[in-house]
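Quick notes on the structure that follows.
Residue numbers (this note's numbering), protein chains in the order written: chain A, 819 to 1438; chain B, 819 to 1438.
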């Protein structure tokens, strides 16, 4: 058990003063901005005061120090407190504090990693804690460093299922290096939270989910100090501090009053508040520096020997992904995680060979994503996989990960009507649209095992969020083992000087386009065939050449709903001089059947592609 | 407390035989299909045998009977069991059973409402129970009918956060008319589940979440009978039956063995299994019919008096939505729900006036969606609102709701860089792409209060999933109170016989396009301005006319990332004869600032629109 050092009267006084300063500064910066969440900051001010003064081990001058603690504001709207904390720690000055929410300032409405002391963007509730679980998992299993991960959570966000996925995985993995500090201030945005100050409800839940719960008065600095000391000393379990707090604490006019969420105090009111809180202070907190330490898992360039496939092989792209991921294990920082379907995504090859670098997230896709983000925070190269359809479950996490500048590789298998018998619930017919719209994302959709393996390698080397769609079934191997593939690339599979139409597909529809081209050739129509494996960014140059060669006649074929997918990618790219497009996509709601029956029913089979091309080739 | 009737020996024998029949038929149909999940069906066969023989109150000949119980297979992959149950109940014959997973059969890989006895599509785990919560809530609070809602859950899905959102809301709302039957067969897809047969873990969690947990042996028909009797008689709490079961139960070769998830038995093996299970049976179960009953909340056409706004008003579209929703309360079947931000989305107007028809879901967006789907199952007209960004949290639920043929109205407020100071975590810059890609969806984005109010009315009348994006700030009222708006419509706000370019916007960018047109007019350039408030379906005719009038010169301006949004909608619609487009969208990662600063920074401000139009007008 951790040794509890009794606080002296001077300690208590200092901590109290720091808490008041954090409140005053939260009010000042939000009033200056004319917006923000001062009251949600004031409730947690004492928790943060004690944490940064006596428990956090962090070198503010070296935010990348490997053994620094992590502190994630899961309640991202408490950004005034976060920034007031930066000032108290000496990381920013008062002038910068007052730039809060102004254009050009890094102190945005909710924290983002534009700020060097912020790991991830928060502001969509229920995400910071799950990501903290990922960071703690990396610390314990990969880095094997003693740093501690602290997450400041709100009580409203305890209604999010993702929080319970996080507590569950924290308990399951025995993350004693993780502490959630829950600021139970009773009031949400529009009134009381579900359970108000019934801390016993949260306590029962947290304990049932495998964590150690500690209930305290969140304004009693001695109690906070003891709880944080015990938390850092926890042996086997994560700690969840349930702190009973008062929203707007310290300013009697608004304390514990409804109607003050997300509102800056008007200037006169702020003046009264600052007075009641003891005026403006400029106390400096000296945060303890961590012991030096180096991660157990080092980087470096291992020799990656990618799998290759012969043209006579029929190997599903999901299998090639699994093989390539296994090969990438030669890079020590590559890690993988899956949502209990690794025997389908083929991440199981990596899992079996490298159990120390594989993390089973079971059927909890939000935590799957959050774990990957946490691994990215620690500099690892995470590959997260599940069925393509089920990444939809974590779409908000993916959206936020883009703002977090996380480096993620997401691999979704079993996409499209091509999956066949399992039916539409598993088809992911909207994934290309959803993933393309993620800021800074790349979207890949290979059609054969050699391209899938090569692109898996490309993913490992790319920053940002890269999504690859893989296919259930096995199709002919189109490329030789030596062929190269790149982001923004494509392959022209059929080409002549007399192409009257271009057939453009990706993934499974490339094979249909080839068969259609053969049919057309028999009818004397030359068709160019393009494998648009890089859906985002798209190969604008090759598309322009094809448009020029075919007088702008494209048949675009996708195993996806018509909106926002492959055709949209082409049309957006060529919008300043667009081709005429016949667009074959999945327009009805599919059912079960064989892949061939369903592709035929959707109108994306070779016969239908050829017919569309014939109509188009006859025009203009 | 419910009266427990002791089972006779004959009862036990019959129930046991029904269980064996369900197993045999699960094997038969999946082996015939060559795919499916027989072992996950066999574990739950006794639970279903007892349920349909002695507890379910359901008229199979009248699936729309208002007082029928509901039975939702949250573990949708147990579809063989579901269909074997239909056969046992006499709803389908043996021949149809054997059409499982075949093209053209309604017995798809996972259940969908193509089948009249299926309420919602399942197959994405963790969704059936949350929807059952919505159905039970409707039953208790709106219909006030004694029907019971049963959800068959798997143990793997208990790792989904959404399940805990559901248990929480079931407990919070005291849904004693809801029973979750959890088939704890220990094995997931790729190995053991997190907690295997540690039923005490689940029991603690379920109880902590406000439900009554009952632990039984899921193959002891007497114990099942007692648990179901007690469940139906529950006074105040929902019941969660935690049934310890054996995967593949009844066929010794695979019982409790890993490696048999999602695999049909090969024919010879199936033969041995059927033999061991006592051969093929054709027992008929007589399910009890419900007492007749009519919902307390009737339909009907109340007089809706939509709010109207004068051209001198400045009213945010989100406020107009709130006003219109309140007006729609005249229709008795309109209900609303929100994710703890109703004072921002303005759903609070409805909530205050009609607390009996408003359901607070707190910050649990997955349950928000699921509740709406459940209300749709019961024939209500649900409007669910939250910040546009946070619908991303429920994207998988929205995707599945489309397969469920649910009728939902989703209203997302505070979208785009226009929100200003709160920063990118709240901006929903991918919502149009994501929502457009939902099967059968409509996407609306009004720019003024009169159009927002009218379109809210349109939403109430539309089947399928309709999404409306509303705006934080208030802008000029462009339309008179008498103006009409429709799905697939648009408004031409500026038009002349000499338009050299068309400026196309929706929502906030309509105002910027108008201002740009004024600038262009001062420079002698006539610009057509189109308010494309119906983003999906899009007004192809008006767009074609504009293309013809402007020689195909479009400037499309959207407060959205460049992929899959407004421009994609236009380009997809006109892909057979496309215009030349300058596309202004949010290409960088935004920060905080005023709306004007951020729109300027994104390049979607009037000055930039005018500049783009000038460049375009000068070409060709």
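All C-beta atoms, glycine included, are put in the ideal place defined by N, C-alpha and C.
- Separation of the CB atoms of residue 929 of chain A and residue 844 of chain A is rounded to 13 angstroms, and the pair is thereby denied contact status at 8 angstroms.
- With a threshold of 16 other beta carbon atoms within 10 Å, residue 1002 of chain B meets it and is buried.
- Between residue 1373 of chain B and residue 1319 of chain B, the beta carbon gap of about 6 angstroms places them in contact (Cβ cut-off 8 angstroms).
- For residue 999 of chain B, the closest alpha carbon among the candidates B:1087, B:1057, B:1047 is that of B:1057.
- Going by C-alpha positions, residue 909 of chain B is about 10 angstroms away from residue 915 of chain B.
- Contact annotation: residue 1356 of chain A and residue 1312 of chain A have beta-carbon atoms that are not nearer than 7 angstroms.
- DSSP places residue 1061 of chain B in the uninterrupted beta strand (DSSP E) bounded by 1057-1062.
- Here residue 1006 of chain B carries a coil assignment [DSSP, helix/strand/coil].
- The region 1207-1222 of chain A and the region 1204-1216 of chain B touch, with no fewer than 3 CB-CB distances between them shorter than 8 angstroms.
- Assigned with DSSP and collapsed to three states, residue 938 of chain B falls in coil, not helix or strand.
- Within the region 1080-1144 of chain A, the runs of alpha helix (DSSP H) that reach at least 4 residues and sit entirely inside it are, in chain order, 1085-1094.
- Closest in C-alpha terms to residue 1009 of chain A, from the list B:1161, B:1245, B:1436, B:1435, comes B:1161.
- A buried status is given to residue 1382 of chain B, since no fewer than 16 other beta-carbon atoms sit within 10 Å of its beta-carbon.
- When 8 angstroms is used as the limit between beta carbons, residue 1221 of chain B is near these residues of chain A: 1242, 1243, 1407, in chain order.
- In the displayed model, residue 1336 of chain A falls within a helix according to three-state DSSP.
- Secondary-structure assignment with DSSP links residue 1285 of chain B through a beta bridge to B:1228, B:1261.
- Residues 1082 of the same chain have their beta carbon placed closer than 6 angstroms to that of residue 852 of chain A, with the five preceding and five following residues left out of the count.
- In the assembly as shown, residue 913 of chain B is an exposed residue. Its beta-carbon has fewer than 16 other beta-carbons within 10 Å.
- If you check each beta-carbon in the region 1376-1399 of chain A against every beta-carbon of chain B, the ones closer than 7 angstroms belong to 1379, 1380, 1381, 1382, 1385, 1386, 1389, 1390, 1393, 1394, 1395, 1396, 1398, 1399.
- Chain A has no Cβ within less than 7 angstroms of the Cβ of residue 911 of chain B.
- Contact of residue 1343 of chain B with chain A is not assigned, every C-beta pair being separated by 7 angstroms or more.
- DSSP places residue 1310 of chain A inside the beta strand (DSSP E), whose first and last residues are 1309-1312.
- Interface criterion met: the Cβ of residue 1007 of chain A is under 7 angstroms from a Cβ in chain B.
- With contacts defined as CB atoms closer than 7 angstroms, residue 1158 of chain A and residue 1006 of chain B qualify as a contacting pair.
- In the three-state scheme derived from DSSP, where H, G and I count as helix and E and B as strand, residue 895 of chain A is classed as helix.
- With contacts defined as CB atoms closer than 7 angstroms, residue 1387 of chain A and residue 1248 of chain B fail to qualify as a contacting pair.
- Separation of residue 1133 of chain A and residue 1287 of chain A (C-alpha to C-alpha, rounded to the nearest whole angstrom) is 15 angstroms.
- Within the same chain, Cβ atoms closer than 7 angstroms to the Cβ of residue 1337 of chain B are found at 1424, 1428, the five residues on either side in sequence being excluded.
- For residue 1215 of chain B, the enclosing alpha helix (DSSP H) starts and ends at 1213-1221.
- Sorting B:1085, B:990, B:1040, B:1380 by C-alpha distance to the C-alpha of residue 826 of chain B places B:1040 at the top.
- At a cut-off of 7 angstroms between beta-carbon atoms, residue 989 of chain A makes no contact with chain B.
- Residue 1187 of chain A: member of the alpha helix (DSSP H) spanning 1183-1195, first to last residue.
- For residue 1179 of chain B, the secondary structure class from DSSP, reduced to helix, strand or coil, is coil.
- Beta-bridge annotation (DSSP): residue 1001 of chain B is paired with B:972, B:1061.
- Beta-carbon to beta-carbon, residue 1409 of chain B and residue 926 of chain A are separated by about 5 angstroms, close enough to satisfy the 8 angstroms threshold.
- Listed in chain order, the positions of the region 1184-1197 of chain A with a beta carbon within less than 7 angstroms of a beta carbon of chain B are 1184.
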